[in-house]
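Taking it in order: structure first as structure tokens, then the write-up.
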Amino acid sequence: MTDATPPASTESDADGTPDYDAMTRDIADVPAVEVITTVAVHLLSAAAVNLGLDKPDSEHKDLDEARKLITALAGLVTASATEISSFHAAPLRDGLKSLQLAFREASIVPDEPGQGPGEKFTGPVFG
């Protein structure tokens with residue numbers, strides 16, 4: 001997408017304050033697929049951090065939080081898959097499956113197949 005206008009960050013009002021209206025992208029102009037995939041990527045990233053996948057011996061590891069994020073991601077991906085096309089849904093499904101498997105591996109007492117985070121939406125996940 002090309003635009004001949006200067007970047008919004010260089011625009012300012014007469015009093016020198018930034019023109020936040022010009023800097024703000026109208027949410028109505030954002031395609032639904034972009035909103036859905038952006039939210040999904042945020043959920044993927046947050047779940048990965050809570051699984052401790054950001055670095056070895058991560059101090060951010062919290063499996064309870066990871067379970068919630070993975071379940072929310074599974075619901076979003078499952079519900080939106082037919083709306084956003086396979087081109088967008090397939091990588092999100094792959095990321096979700098990787099998180100579900102990482103969760104199972106990180107758990108001291110793994111959930112039964114079909115009982116893991118998000119598996120009520122995706123079905124049982126096997127490696």
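Residue 124 in UniProt numbering sits at position 124 of the sequence shown; the count goes up by one each step and never skips.
Ideal placement from N, C-alpha and C gives every residue a C-beta, glycine not left out.
**Message:** Suppose you measure from the CA of Gly127 to the CA of Leu96; what does that come to, to the nearest Å?
**Reply:** Working through the sequence shown from its first residue, we reach residue 127 at position 127. Working through the sequence shown from its first residue, we reach residue 96 at position 96. Distance between the alpha carbons of Gly127 and Leu96: 13 Å.
### Query
Nearest-angstrom Cα distance between Asp15 and His42?
To locate residue 15, count along the sequence shown from 1; it is residue 15. To locate residue 42, count along the sequence shown from 1; it is residue 42. Answer to the nearest angstrom: the Cα atoms are 36 Å apart.
Quiz prompt | Buried/exposed call for Val77, threshold 16 Cβ in 10 Å | solution = Within the sequence shown, the letter at position 77 stands for residue 77. Its Cβ being crowded by 16 or more others within 10 Å, Val77 is buried.
* Collapsed DSSP secondary structure at Pro110 in the structure displayed -> Indexing the sequence shown from 1 puts residue 110 at position 110. Looking at Pro110 - three-state DSSP - the assignment turns out to be coil, as it is neither helix nor strand.
(request) Sort Thr17, Ile36 and Lys61 by Cα distance to residue 145 and report the nearest one. (result) Shown here, the chain extends from 1 to 127; a query on residue 145 therefore has no answer.
Notebook entry, point to check: Expressed to the nearest angstrom, what Euclidean distance is found between the alpha-carbon atoms of His88 and Ile70?
Noted result: Position 88 of the sequence shown, counted from the first residue, corresponds to residue 88. Position 70 of the sequence shown, counted from the first residue, corresponds to residue 70. Their Cα atoms are separated by approximately 18 Å.
Checklist entry - Thinking just about the alpha-carbon of each residue, which of Pro56, Asp57 and Lys61 is nearest to the one in Ala47? => result Sequence index remark: in the sequence shown, residue 47 carries index 47 (1-based). For the residues Pro56, Asp57 and Lys61, the minimum Cα distance to Ala47 belongs to Lys61.
- Can you tell me the Cα-Cα spacing of Asp21 and Glu34, whole angstroms? Translated into the one-based positions of the sequence shown, residue 21 becomes position 21. Translated into the one-based positions of the sequence shown, residue 34 becomes position 34. Their backbone Cα atoms lie some 21 Å apart in a straight line.
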